[in-house]
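J.: Position in the sequence shown (first residue = 1) + 14 = the working numbering.
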Amino acid sequence: MIKKFANLNKIDFIYLYLNLIIYCFTIFIFVYQTSKTLQPYVDEIVSITANLGFFFDRFNFEGPRGTIYQGIYSPFLTSPPLSAVGTVLSWKLTNNFYLIRFSNFLWVFGIQIIFNYFISKNYKIYFYKINLLSGFALTSFPFWFGSLYSLGEASSIIIFLNSILLYKFYPRIMFFLVGLIPFFGKIILTPGILIFIIFSLFTTSATLKNKIINLIYFLTPTLIWFILILSFSKYKSVYEYFLHFNYHFSHMNSQVGSLNIIDVFNFNNIVKSFENSEAHTWSLIVKLRLFLPPILLFLLVVKNKGKDLLFELNQLRTLIISLLPVFGWFVFIALEKPIIYSAHFTYPCLFISCLFLLNFPYNENTTNFVSFFIMSLFFNSGVLFLIAHFLYFFINLKKYDVFLIILILINLNFINGISELQEKTIFDINIEKCKKSYVSYECFDSFTNTNGKYDFVENSF
């Protein structure tokens, strides 16, 4: 690592290491403190219960008994095994529920770090730089703490995004990993996954034999899931399982919205979907984070035609088109617009912007500015946002490594976040009954009825 920093002068070298030390402390303190301020969440205990059963009780993927989530492999269980590996691994090691939540963030961060190694290797970017910016990205997009709640959005979109970036180097592994997502991750990504599969099969020069093998790798996780259903659940056939799944889906109109093509593009329906959803509670900065980055990155790719954007045009095109179904559903169709689902397009936009910045000095000024602007939108302080752009305009980025500036801004962002957390309610969560029997109704009831005022405020300024 010393050799990699050989081009830095002594002052920059000391500055960098000092900020790296601060970063390591602040990010983990911020995440751990956040875990203490999160109110117990129904989906959280359902995910924990089901995944503990999956890993510790012979693949019995079952929700809390006496609730609508009961039943092995019930369609109501929407956070499958990839969601809570960190939670499961730490469950028997500690009674500190904050540490259990924190462990699941480490699991999600660990997935991204593994992908970062292969990105750094194939795209010639410093491994430590990607990891540092990944930590910021994973703690900044709206509802990022879904990973602390043992929900599957973060782990699924990480696998999907990085598979698109790496499939040309490791096609079979990436096809298998993407195949895990629909049933082991989040089924909401299925439309985008199918687009990715079609594009990657028909736009590569692989032989027909290799394409068939890749498709088999993709379908293998689905086959494994069906085998688990037939072996451990009460469903007599996969068809019976899908009938129940379809029944569940048909009763989710309040969340899914109308898929009728006329309704989708009806302007009045779109306006009403925003007025009647939680969107009216979002602050201006949250709205900017949700809708500006996808638009700006799309325009950037169109302007540059993929040139000097680190990735090939075909990869960027595949990424954009694969994310369109979730983005379009969220904007035009979803009636409730739960902000948690925005993770499927906000995290990719933020992470890709960070990678574009690391491609400096190959980027032109427009790319640098757009990428830096998108990243700065996710800072948790308006003052920090202004400082960031003051530095951008008044420091010659071509003579001074932009990363050295970004690192101190990220540290200030975490420090400010830690400061804001001091004013939030800390929930004392007792999981004694859950330790005795995590699948019991007593566990579910005691967990969801923890006293305390819910003090959730989306990371904003």
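C-beta atoms are modelled at their ideal positions from N, C-alpha and C, and glycine is treated no differently.
1. Here's a check: name, in chain order, each residue in its chain whose Cβ is nearer than 6 angstroms to the Cβ of F259, leaving out the five neighbours to either side.
2. Rounded to a whole number of angstroms, what is the C-alpha to C-alpha distance between F470 and L107?
3. Compute the Euclidean distance between the alpha carbons of L91 and I114, then round it to the nearest angstrom.
4. Excluding five sequence neighbours on each side, which residues of the same chain lie with their C-beta closer than 7 angstroms to the C-beta of Q47?
5. Are the beta-carbon atoms belonging to A357 and F155 less than 7 angstroms from one another?
6. Is it buried or exposed, R72, if we count other Cβ atoms within 10 angstroms and call 16 or more buried?
7. So the alpha helix (DSSP H) K143 belongs to, where does it begin and stop?
8. Pull up the distance between the alpha-carbon of H403 and that of W239, whole angstroms please.
9. What are the boundary residues of the alpha helix (DSSP H) that L313 is part of?
10. Thinking C-alpha only, which one of G149, T439, T217 and I28 is nearest F39?
11. Run the CB neighbour count on G396, radius 10 Å, all protein chains shown included, and call it buried at 16 or more, exposed below.
12. Taking the alpha-carbon positions, what's the F141 to Y131 distance?
13. For the structure I just gave you, are there three or more beta carbon pairs, one from the region 377 to 394 and one from the region 183 to 200, closer than 8 angstroms?
14. Relative to the alpha-carbon of A168, which residue among F197, K182, G193 and Q126 has its alpha-carbon at the smallest distance?
15. Excluding five sequence neighbours on each side, which residues of the same chain lie with their C-beta closer than 7 angstroms to the C-beta of L103?
16. Count the other CB atoms, across all protein chains shown, that sit within 10 Å of the CB of E76; report buried if there are 16 or more and exposed otherwise.
17. I need the boundaries of the alpha helix (DSSP H) containing F428, first residue and last residue.
18. Assign I86 to one of three DSSP states: helix, strand, or coil.
19. Given this structure, state the Cα-to-Cα distance separating L333 from W158, to the nearest angstrom.
20. Taking all protein chains shown into account, decide if I241 is buried (16 or more other Cβ within 10 angstroms of its Cβ) or exposed.
21. In chain order, what residues of the same chain have a beta carbon less than 6 angstroms from the beta carbon of Y468, not counting five sequence neighbours either side?
22. From R303 to K248, what distance separates their C-alpha atoms?
23. Please go through the region 171 to 233 and give each complete alpha helix (DSSP H) segment of 4 or more residues, from N-terminal end onward.
24. At which residues does the alpha helix (DSSP H) containing Q126 begin and terminate?
25. Just to confirm my understanding: we take V60, look at its own chain, exclude 5 residues before and 5 after, and list those with CB closer than 6 angstroms. What are they?
26. Using the three-state DSSP reduction, which class does E350 fall into: helix, strand or coil?
27. Excluding the 5 residues preceding and the 5 following S177 in the sequence, name in chain order all residues of the same chain whose CB lies nearer than 7 angstroms to its CB.
28. Let me know the secondary structure DSSP gives E76 once reduced to three states.
29. Check for me: the alpha helix (DSSP H) holding S104 runs from which residue to which?
30. From which residue to which residue does the alpha helix (DSSP H) around V345 run?
31. Roughly how many whole angstroms lie between the Cα atoms of F370 and L324?
32. I'd like the list of long-range same chain contacts for L6, defined as Cβ closer than 6 angstroms, with 5 residues on each side in sequence excluded.
33. Going by DSSP, what residue range makes up the alpha helix (DSSP H) through D71?
34. Which residue from V340, I309, Q329 and F198 puts its Cα closest to that of T212?
35. Roughly how many whole angstroms lie between the Cα atoms of V345 and I230?
36. Please state whether DSSP places N283 in a helix, a strand or coil.
T.: To lay it out plainly:
1. In the sequence shown, counting from the first residue as 1, residue 259 sits at position 245. Cβ within range, chain order: P89.
2. What you label residue 470 is simply residue 456 of the sequence shown in a count that begins at 1. What you label residue 107 is simply residue 93 of the sequence shown in a count that begins at 1. Residue placement at F470 is flagged as unreliable, the pLDDT there being 38, under the threshold of 50; the coordinate-derived value follows with that caveat. Straight-line spacing of the CA atoms in F470 and L107 works out to 28 angstroms.
3. Mapped onto the sequence shown, residue 91 falls at position 77. Mapped onto the sequence shown, residue 114 falls at position 100. Whole-angstrom Cα-Cα distance: 20 angstroms.
4. Indexing the sequence shown from 1 puts residue 47 at position 33. Take Q47, set aside five residues on each side of it, and the residues of its chain with a beta-carbon closer than 7 angstroms to its own are I432 and L435, in chain order.
5. Within the sequence shown, the letter at position 343 stands for residue 357. Within the sequence shown, the letter at position 141 stands for residue 155. Contact flag set, yes.
6. Walking along the sequence shown from the start, residue 72 turns up at place 58. With a threshold of 16 other beta carbon atoms within 10 Å, R72 falls short and is exposed.
7. Within the sequence shown, numbered from 1, the residue matching residue 143 stands at position 129. Unbroken alpha helix (DSSP H) run through K143: F141 to L152.
8. For the purposes of this step, residue 403 is taken as the residue at position 389 of the sequence shown. For the purposes of this step, residue 239 is taken as the residue at position 225 of the sequence shown. For H403 and W239, the distance between alpha carbons rounds to 49 angstroms.
9. Working through the sequence shown from its first residue, we reach residue 313 at position 299. Note, L313: alpha helix (DSSP H), L298 to N318.
10. If you number the sequence shown from 1, residue 39 lands on position 25. Closest in C-alpha terms to F39, from the list G149, T439, T217 and I28, comes G149.
11. Position 382 of the sequence shown holds residue 396. The residue is exposed, with fewer than 16 neighbouring Cβ atoms inside 10 Å.
12. Within the sequence shown, numbered from 1, the residue matching residue 141 stands at position 127. Within the sequence shown, numbered from 1, the residue matching residue 131 stands at position 117. A straight-line Cα-Cα distance of about 6 angstroms links F141 and Y131.
13. Output reads no: the region 183 to 200 does not touch the region 377 to 394.
14. Taking the sequence shown and counting its residues from 1, one reaches residue 168 at position 154. The residue with the shortest Cα to Cα distance from A168 is Q126.
15. Position 89 of the sequence shown, counted from the start, is the residue given in the question as residue 103. Only S117 meet the Cβ criterion.
16. On the sequence shown, residue 76 is found 62 positions in, with the first residue counted as 1. Counting Cβ neighbours within 10 Å, E76 comes out buried, since at least 16 surround it.
17. For the purposes of this step, residue 428 is taken as residue 414 along the sequence shown, with counting starting at 1. Per DSSP, F428 is one residue of the alpha helix (DSSP H) stretching across V416 to L435.
18. Within the sequence shown, numbered from 1, the residue matching residue 86 stands at position 72. Of the three classes helix, strand and coil, the one that applies to I86 here is strand, per DSSP.
19. The residue labelled residue 333 in the question sits at position 319 within the sequence shown. The residue labelled residue 158 in the question sits at position 144 within the sequence shown. Taking the Cα positions, L333 is about 21 angstroms away from W158.
20. Residue numbering aside, residue 241 sits at position 227 when the sequence shown is read from its first letter. The residue is exposed, with fewer than 16 neighbouring Cβ atoms inside 10 Å.
21. The residue you call residue 468 lines up with position 454 of the sequence shown. Low confidence applies to Y468: its pLDDT is 34, below 50, so where it sits in the model is not reliable enough to give any reading.
22. Here the question's residue 303 lines up with position 289 in the sequence shown. Here the question's residue 248 lines up with position 234 in the sequence shown. Whole-angstrom Cα-Cα distance: 44 angstroms.
23. Counting whole runs of 4 or more residues, the region 171 to 233 contains the alpha helix (DSSP H) stretches 185 to 198 and 204 to 216.
24. Here residue 126 is taken as the residue at index 112 of the sequence shown, counted from 1. Counting along the chain, the unbroken alpha helix (DSSP H) around Q126 starts and ends at F111 to Y137.
25. Here the question's residue 60 lines up with position 46 in the sequence shown. The answer, listed in chain order, is G77 and Y83.
26. For the purposes of this step, residue 350 is taken as the residue at position 336 of the sequence shown. Per DSSP, reduced to three states, the secondary structure at E350 is coil, with no helix or strand assignment.
27. Translated into positions along the sequence shown, residue 177 becomes position 163. Hits under 7 angstroms: M188, L191 and V192.
28. Taking the sequence shown and counting its residues from 1, the one referred to as residue 76 is at position 62. Note: E76 maps to strand in three-state DSSP.
29. The residue you call residue 104 lines up with position 90 of the sequence shown. Following the DSSP letters along the chain, one finds S104 inside the alpha helix (DSSP H) bounded by residues V99 to W105.
30. The residue labelled residue 345 in the question sits at position 331 within the sequence shown. That residue, V345, is in no alpha helix (DSSP H); it is neither H nor E in DSSP.
31. Here residue 370 refers to the residue found at position 356 of the sequence shown. Here residue 324 refers to the residue found at position 310 of the sequence shown. The alpha-carbon atoms of F370 and L324 are separated by roughly 7 angstroms.
32. Only positions 15 to 475 of the chain appear in this structure, which leaves residue 6 out of reach.
33. Counted from its first residue, the sequence shown places residue 71 at position 57. No alpha helix (DSSP H) contains D71, which DSSP labels as neither H nor E.
34. For this step, residue 212 is matched to residue 198 along the sequence shown. The sequence given here has Ile at residue 212, not Thr. Comparing C-alpha distances from I212 to each of V340, I309, Q329 and F198 shows the shortest one belongs to Q329.
35. Here residue 345 refers to the residue found at position 331 when the sequence shown is read from its first residue. Here residue 230 refers to the residue found at position 216 when the sequence shown is read from its first residue. Distance from the CA of V345 to the CA of I230, rounded to the nearest whole angstrom, comes to 34 angstroms.
36. In the sequence shown, the residue the question calls residue 283 occupies position 269. It is helical.
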